[in-house]
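Note that the numbering used here has the sequence shown beginning at 141, numbered continuously upward.
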Amino acid sequence: VQLQASGGGLVQPGGSLRLSCTAAAHIFQRNNMGWYRQAPGKQRELVASIWKDGKNTYYDGSVKGRFTISRDDARNSVSLQMNSLEPEDTAVYYCNVQPPRQPYWGQGTQVTVSS
141 VQLQASGGGL VQPGGSLRLS CTAAAHIFQR NNMGWYRQAP GKQRELVASI
191 WKDGKNTYYD GSVKGRFTIS RDDARNSVSL QMNSLEPEDT AVYYCNVQPP
241 RQPYWGQGTQ VTVSS
């Protein structure tokens with residue numbers, strides 16, 4: 141069962157995007173959720189995560205203060221609001237449980253930050 145991310149696109153530096161991901165209820169409700177990204181030539185990395193109770197979050201230092209992760213338990217969805225985007229944020233973004241599980245990796249959504 142793959143988790144599919146959506147909402148990516150091309151945006152200018154300083155712009156914003158909102159990514160979304162919906163999971164099956166039995167996956168979403170039992171797990172912490174995370175957003176990951178993989179830039180060309182780099183390893184996939186955890187960008188942000190949110191505990192299953194929604195009360196605690198984690199952000200990588202490179203996005204802290206610019207990105208906000210949230211979850212909607214009624215819709216079994218997790219979102220990533222990305223503000224003040226920088227060219228260094230260009231990557232394919234994925235959602236998965238945290239820690240991630242191989243079967244859940246989807247195709248991701250491309251985010252390109254460029255003028």
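Virtual Cβ for every residue (Gly too), placed ideally from N, Cα, C.
### Inter-residue Cα distance where the pair is T252 and H166
In the sequence shown, the residue the question calls residue 252 occupies position 112. In the sequence shown, the residue the question calls residue 166 occupies position 26. Distance between T252 and H166, taken at the CA atoms: about 32 Å.
| field | Start and end residues, beta strand (DSSP E) containing A231 | value | Here residue 231 refers to the residue found at position 91 of the sequence shown. Start and end: A231 to V237.
Any contact of the region 194 to 201 with the region 240 to 249, i.e. 3+ C-beta pairs under 8 Å?
no
- prompt: Can the beta-carbon of G211 be found less than 8 Å from the beta-carbon of S224?
  reply: Sequence index remark: in the sequence shown, residue 211 carries index 71 (1-based). Sequence index remark: in the sequence shown, residue 224 carries index 84 (1-based). For clarity, residue 211 is Arg in the given sequence; the question names Gly instead. Not in contact: R211 and S224 (Cβ atoms no closer than 8 Å).
Sorted by chain position, which residues of the same chain lie with C-beta nearer than 6 Å to T230's C-beta, five sequence neighbours on each side aside?
As a first step, residue 230 must be located in the sequence shown, where it is residue number 90. Cβ within range, chain order: T252 and V253.
Practice item. Taking the CB atoms as reference points, tell me whether Y244 and W175 lie closer together than 8 Å. Key: Position 104 of the sequence shown holds residue 244. Position 35 of the sequence shown holds residue 175. Not closer than 8 Å, so no.
Q) Does the beta-carbon of A145 have 16 or more other beta-carbons within 10 angstroms, so that it is buried, or is it exposed? A) Position 5 of the sequence shown, counting from 1, holds the residue named residue 145. Taking all protein chains shown into account, A145 has 16 or more neighbouring C-beta atoms within 10 Å of its C-beta and is therefore buried.
How should R170 be labelled, buried or exposed, when 16 other C-beta atoms within 10 angstroms of its C-beta is the threshold for buried? Taking the sequence shown and counting its residues from 1, one reaches residue 170 at position 30. R170 is exposed by the Cβ-count criterion.
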